[in-house]
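For reference, the structure discussed in these notes is given below.
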Amino acid sequence: MTSDLSTPAVPEGGPGSHTVLDGNAAAGEFAGILVSDPTTVTVRCGSCGATQAFAELRAYLGGPGTVLGCRGCNAMVARVARTPRGTWLDLSGSSSWLFLPTPAPRPGR
Amino acid sequence: MIDTYTPRDPADRCGEATPSAGNHWRMATLIGLRSQSRYSRTLALRVPGWPGHRPGQHVDVRLTAPDGYSAQRSYSLAEAPTPNRVAITVDLLPHGEVSPYLVTTMEIGDQLDVRGPIGGWFVWEPGDSAIGGGPVLLIAGGSGVVPLVTMLRARKRAGDLTPTLLVYSIRDPRTLMYGRDLEELSVDPNAPGSADVRLVYTRTAPNGFPRPAAHLSAEDIQPPAEWPEPRAARVYVCGPSGFVDHATRLLREAAYPDDRIRTERFGPSGVDQ
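This is the structure we're talking about:
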């Protein structure tokens, strides 16, 4: 994967700033907040009720925050914004997050 | 495009409140370069404290200009896991902001910041119980081949016997990445860890190539005759968004259930579907 896209920290409206990627590309931002890897979490959309892996969510990386949308109905399900005051995490668009019981094996074996 | 970057002052390195393993920024120093194609190269970085990674994971890369402007990108990890070492393969995007620096400007000894390893979804490790005996189908569009080659190398190293096919879609012969590696991985079908490799040229095929240049088709993702199953137990698709959507459509038409398909999309790129 090579995602040559600006992150929310970068104010810009340049080429590619509105390209839709997926949750894999947003995982770094969420991994800074969540304790475990976000990509394998099953997220239920608060609007249409569809469930999908975090990795499969639509990701919008070019705006003032990292925004994740439902791949079914495109409603916003989660958002992270880093501001001088602190980091905002908005999960109001999702109804549940299912974390797998077995943590991923640690690398470096 | 910015010409010089320096890692941020370590003091403001961690905007994150509680860095756990893998999600704080580390300083990385360029220690090796290898050309992969006319438009891409692999950068090897020394990253003290890097814990190693799983095949298919990626890393966030951050460059900071002297005036404080910073830009961040994600790249798949390009080598089998090695402690304190990170390699990424970067494809030049003509109007990109970061890739021209990484592909043409950055020199040995230069530094940047990395964060990772990231992601457990787009990962294939030999012996994954959810995959069982396979088979496994890998579908790459352009530089989407990078994490898939990392998976192939890991299973080669492990001598894994899961039947595996890589379908690799590129625009023309000049955009082929990892040409020699793919040849080595596929030359002897009986060698442990060997994989089938199927090249798909979308614009221009080499002289004498049996398949005419065309976009990825249903036929291209058909399993080899010797597979024990008509469908793969797991499919990994990596490429530009449009390519991933197209490949996913083909897989659904071939009656693949969604839970066998894992995808990873990357942003606008010079590579065609």
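Same order as they appear, the protein sequences are chains P and Z.
Numbering follows numbering that gives the first Met the number 0, with no gaps: position 43 of the first sequence is 42.
Numbering follows numbering that gives the first Met the number 0, with no gaps: position 42 of the second sequence is 41.
The beta carbon of each residue, even a glycine, is placed where N, CA and C say it ideally should be.
Using C-beta distances below 6 Å, list every residue in its chain close to residue i, excluding the 5 sequence neighbours before and after it, in chain order.
i: Z/Val243; result: Val236, Thr262, Arg264
i: Z/Asp288; result: Lying before the first or after the last residue shown, residue 288 of chain Z is absent from chain Z, which here runs from 0 to 272.
i: P/Ala58; result: Leu20, Asp21, Gly22, Ala24, Ala25, Leu67
i: P/Ser94; result: Arg43, Gly45
i: Z/Gly31; result: Ala43
i: P/Phe98; result: Val40
i: Z/Ile130; result: Ala232, Arg233
i: P/Thr65; result: Pro7, Ala25, Glu28, Val79
i: Z/Ala70; result: Leu62, Glu96, Val97
i: Z/Pro205; result: Pro172
i: Z/Ile138; result: Val166, Val236, Ala246
i: Z/Arg210; result: none
Report the three-state DSSP secondary structure of residue i (helix, strand or coil).
i: Z/Glu263; result: strand
i: P/Ser95; result: strand
i: Z/Pro172; result: helix
i: Z/His245; result: helix
i: Z/Val199; result: strand
i: P/Ala52; result: strand
i: Z/Val236; result: strand
i: Z/Ala286; result: There is simply no residue 286 of chain Z to check, as chain Z begins at 0 and stops at 272 in what is shown.
i: Z/Asp90; result: strand
i: Z/Ser128; result: coil
i: Z/Tyr255; result: coil
i: P/Ala30; result: helix
i: Z/Val320; result: Here chain Z comprises residues numbered 0 to 272, so residue 320 of chain Z is not present and cannot be evaluated.
i: Z/Val193; result: The sequence given here places Ser at residue 193 of chain Z; Val does not occur at that position. It is coil, neither helix nor strand.
i: Z/Tyr100; result: helix
i: Z/Ser142; result: helix
i: Z/Asp180; result: helix
i: P/Met22; result: The sequence as given places Gly at residue 22 of chain P; Met does not occur at that position. If DSSP states are grouped into helix, strand and coil, P/Gly22 belongs with the helices.
i: Z/Arg210; result: coil
i: Z/Leu215; result: coil
i: Z/Ser185; result: helix
i: P/Arg70; result: coil
i: Z/Ile107; result: coil
i: Z/Arg230; result: coil
i: Z/Arg154; result: helix
i: P/Leu88; result: strand
i: Z/Leu160; result: coil
i: Z/Leu250; result: helix
Can you find the residues in the same chain that come closer than 7 Å, C-beta to C-beta, to residue i, ignoring five residues on each side of it along the sequence?
i: Z/Ile117; result: Gly21, Gln56, His57, Val58, Asp59
i: Z/Leu160; result: Pro191
i: Z/Ser185; result: Ser193, Ala194, Asp195, Val196
i: Z/Ser98; result: Val89, Asp90, Leu91, Leu92
i: Z/Gly108; result: Thr28, Leu29
i: Z/Ala212; result: Tyr200, Thr201, Arg202, Thr203, Ala204
i: Z/Trp226; result: Pro134, Pro162
i: Z/Ala77; result: Thr41, Ala86, Ile87, Thr88, Val145, Thr149
i: P/Thr1; result: Since pLDDT at P/Thr1 reaches only 49, below the 50 mark, its modelled position is unreliable, and the value read off the structure follows with that caveat. None.
Spatial neighbours of residue i within its chain, please: CB distance less than 8 Å, with the 5 preceding and 5 following residues excluded, ordered by chain position.
i: Z/Thr81; result: Gly51
i: Z/Pro188; result: Asp195
i: Z/Pro222; result: Pro134, Leu136, Leu164, Glu228, Pro229, Arg230, Ala231
i: Z/Ala79; result: Pro54, Thr149, Arg152, Ala153, Arg156
i: P/Cys73; result: Correcting the residue type first, residue 73 of chain P is Asn in the shown sequence and not Cys. Around P/Asn73: Arg57.
i: Z/Thr17; result: Confidence is the limiting factor: at Z/Thr17 the pLDDT is only 37, short of 50, which leaves the residue's position unreliable, though a coordinate-based value still follows. Hits under 8 Å: none found.
i: Z/Pro47; result: Arg25, Met26, Asn83
i: P/Pro83; result: none
Give a yes or no on whether the C-beta atoms belonging to residue i and residue j are separated by under 8 Å.
i: Z/Arg45; j: Z/Arg84; result: yes
i: Z/Trp49; j: P/Thr38; result: no
i: P/Val79; j: P/Thr86; result: yes
i: Z/Arg53; j: Z/Glu124; result: yes
i: Z/Val102; j: Z/Val113; result: no
i: Z/Thr203; j: Z/His214; result: no
i: Z/Gly141; j: Z/Ile169; result: yes
i: Z/Val280; j: Z/Asp127; result: The structure shown has nothing for residue 280 of chain Z, since chain Z only spans 0 to 272.
i: Z/Ala253; j: Z/Ala217; result: yes
i: Z/Arg61; j: Z/Leu111; result: yes
i: P/Cys47; j: P/Gly71; result: yes
i: Z/Ser75; j: Z/Val145; result: yes
i: P/Ala52; j: P/Cys69; result: no
i: Z/Leu295; j: Z/Ile260; result: This structure does not reach residue 295 of chain Z, given that chain Z is present from 0 up to 272, and the question cannot be answered.
So with CB distances below 8 Å, who are the chain C contacts of residue i?
i: P/Thr41; result: In the structure shown, chain C cannot be found, because the protein chains are P and Z.
Legend entry - Segment contact, 8 Å Cβ cut-off, at least three pairs: the stretch 27-44 of chain Z with the stretch 169-183 of chain Z: Touching, yes.
Inset, instruction - At 3 residues or longer, and completely inside the stretch 34-64 of chain Z: list those beta strand (DSSP E) runs for me, N to C. - result: Whole beta strand (DSSP E) segments, 3+ residues: 39-45, 57-63.
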